[in-house]
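To start, the structure itself, in structure tokens.
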Ligand code: AMP
Ligand code: MG
């Protein structure tokens, strides 16, 4: 008990919505003491939820230990345990939730359930200094344009089918690119695209403020199998098309809300071409362009810990018996009293 009375307060956050298991430890004033990530890489095909959950269960003990070593604090120094409660894959979420409940019970500290999408935005604000941005959140599982208005993170546009990261990943797998050495498929497509020269027209599907990628994916895979085009040109055309769609919707949200910042986050945020397109529209609207560094843009435990701190400071703790996971918990269903003072 003695160290619990030390001056600083700390939150430990567990992220486990999909392919990554991660533990972050932050002080209540926003210092990141540790952010350890272990990615599950399927041998072939996409992410199998049960296989990913098995990976999470296997690595959990080790990742927790590494996080405490990195943070140089003891488990007894933790005041709050936060976990990603949704949205995500059931078996993966449950594995993280179980670890969080066990840890909170053992340490006799409160538990906080965090919405994964809110966490991406909050850590982005913390690390870039953005205050009230239009956010484009693009990852393997999500594609959302949002901004805070009237008490919630409103969704201005979103995908109607697959996420943009998933679209890039499926194409890369079809093209026979191999995911090794931890280089994500999206980064491989980016590298190929940089050597593309010819633009091949692909379906461009923006419906109102929403986006659709599945028809476009089918079309580009069909062209790939026809074998008439260079892979570099297909990657280039795929990127130009999907990123233009994302940029169009983000620009309209920016024009509508008149916010002064654009925040880009999620795994796909690492893409330089997407960064440059968004930075251009931000400039045109006199808004500041902020991109979240990779470590905090990918799924990570630090973002869960930070959002856990914000919620905890508004007494949003969760009794264990109510800490069930929420597979389809939408961003715009989250009560976020900490935003706007
Ligand atoms: P996340 O779901 O946030 O963990 O992010 C993973 C997604 O980001 C996957 O779909 C990756 O292919 C994608 N990704 C990572 N790096 C890049 C990049 N440089 N360009 C495009 N997509 C990327
Ligand atoms: Mg991931």
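In our numbering, the protein residues as written are 21 to 361. All C-beta atoms in this analysis are idealised placements derived from N, C-alpha and C, irrespective of residue type, glycine included.
| Check | Outcome |
| --- | --- |
| Local conformation of residue 43 per DSSP, three classes | strand |
| Through-space distance from residue 69 to residue 39, alpha-carbon basis | 8 Å |
| Best match in 241, 122, 169 and 265 for proximity to residue 101 [C-alpha to C-alpha] | 122 |
| Outcome for residue 35 when other beta-carbon atoms lying within 10 angstroms are tallied against a minimum of 16 | buried |
| Per-residue DSSP class, three states only, for residue 171 | coil |
| CB contact flag (residue 104, residue 139, <8 Å) | yes |
| Cβ neighbours of residue 24 in the same chain (closer than 8 Å, five flanking residues each side left out) | In this predicted model, residue 24 has a pLDDT of only 42, less than 50, meaning its place in the structure is not dependable enough to derive any value. |
| Cβ-heavy atom distance, residue 204 to ligand 1, below 7 Å | yes |
| Beta-carbon proximity list for residue 336, same chain, < 7 Å, skipping 5 on both sides | 132 |
| Top-ranked residue by Cα proximity to residue 169, from 265, 276 and 250 | 276 |
| Euclidean distance between Cα positions of residue 189 and residue 286 | 14 Å |
| Beta-carbon separation (whole angstroms), residue 302 vs residue 282, contact threshold 8 Å | 4 Å |
| Heavy atom of ligand 2 within 7 Å of residue 40 beta-carbon | yes |
| Buried versus exposed, by CB contacts within 10 Å (16 or more), residue 108 | buried |
| Backbone secondary structure at residue 82 - three-state DSSP | helix |
| Sheet register partners of residue 288 (DSSP bridge) | Bridge partners of residue 288: none, in fact. |
| Cβ-Cβ distance between residue 220 and residue 249 below 8 Å | yes |
| Range of the contiguous alpha helix (DSSP H) that encloses residue 143 | 136-148 |
| Contacts around residue 233, its chain only, beta-carbon distance under 7 Å, and the 5 residues preceding and following it disregarded | 179, 181, 182, 184, 187 and 262 |
| C-alpha gap between residue 342 and residue 192, whole angstroms | 40 Å |
| Proximal residues to residue 124 (C-beta, below 6 Å), its chain only, five neighbours per side dropped | 101 and 131 |
| Three-state secondary structure assigned by DSSP to residue 59 | strand |
| DSSP state of residue 222 mapped onto helix, strand, coil | coil |
| Own chain, CB closer than 6 Å to residue 161, minus 5 neighbours either side, in chain order | 38 and 183 |
| heavy atom of ligand 2 below 7 Å from residue 287 C-beta | yes |
| Expected contact under 8 Å - CB spacing of residue 80 and residue 117 to nearest Å | That belief does not hold up - the Cβ atoms of residue 80 and residue 117 are roughly 12 Å apart, past 8 Å. |
| Beta-carbon proximity check, residue 60 vs residue 72, cutoff 8 Å | yes |
| Residue burial classification, residue 291 (beta-carbon count within 10 angstroms, cutoff 16) | buried |
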